[in-house]
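Undergrad: With numbering that gives the first Met the number 0 applied, the sequence shown covers 0 to 109. Quick one: this structure, given as structure tokens, is what I'll be asking you about.
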Amino acid sequence: MDISGATTSFAALGQPTRLSALQVLISAGSEGMPAGDLADHLGVLQNTLSTNLTVLLNAGLVRNQRQGRSIRYFADMDRFSALIGFMMQDCCGGRPELCQPVLDELKCAC
């Protein structure tokens, strides 16, 4: 990921509904979530969510798949990982112990 891609991703996440939507989709894992269920979960109108999901789609942070009359959304974990990797690039300046607290925080609590 380059600076332009990171900027686009962070701009997309700079709004509470979009950030919450991505968090829910990350939690949903590989099953993703239908747009209607996601709107209900977040307590937002479907048309409002649709607009926000389009921003996340354009930033590459989510992907979608049509299933009949419904659209299921998924977090794009490759893109999200690339964003984290971009931020962690040379974070410790050759001193891995400086990055360890961040790495510990990133461990999945599943």
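For glycine and all other residues, C-beta sits at the position ideal for the given N, C-alpha and C.
Which partner residues does Q66 have in the DSSP bridge list?
TA: Bridge partners of Q66: S69.
Undergrad: Do L97 and R78 have their C-beta atoms closer together than 8 Å?
TA: Contact: no.
Undergrad: Give me whichever residues DSSP pairs with A74 in a beta bridge.
TA: A74 is bridged to V61.
Undergrad: So if DSSP puts M0 in a beta bridge, which residue, or which two residues, is it bridged to?
TA: Beta-bridge pairing links M0 to no other residue.
Undergrad: Counting beta carbon pairs with one atom in the region 32-39 and one in the region 87-105, are three or more of them shorter than 8 Å?
TA: Verdict: no, contact absent.
Undergrad: Distance check for C91 and P100, CA to CA, integer angstroms please.
TA: Those two C-alpha atoms are separated by around 11 Å.
Undergrad: Under the rule that 16 or more other beta-carbon atoms within 10 Å means buried, what is R68, buried or exposed?
TA: Label assigned to R68: exposed.
Undergrad: Could you compute how far the alpha carbon of L18 sits from the alpha carbon of Q45?
TA: About 16 Å.
Undergrad: Along the alpha helix (DSSP H) that carries P100, what are the first and last residues, could you check?
TA: Here the alpha helix (DSSP H) through P100 covers 99-105.
Undergrad: Between I83, R94, D89, which has its C-alpha nearest M0's C-alpha?
TA: Closest by alpha carbon: I83.
Undergrad: To the nearest angstrom, report how far apart L55 and L12 are at their CA atoms.
TA: Taking the straight line joining both Cα atoms gives about 8 Å.
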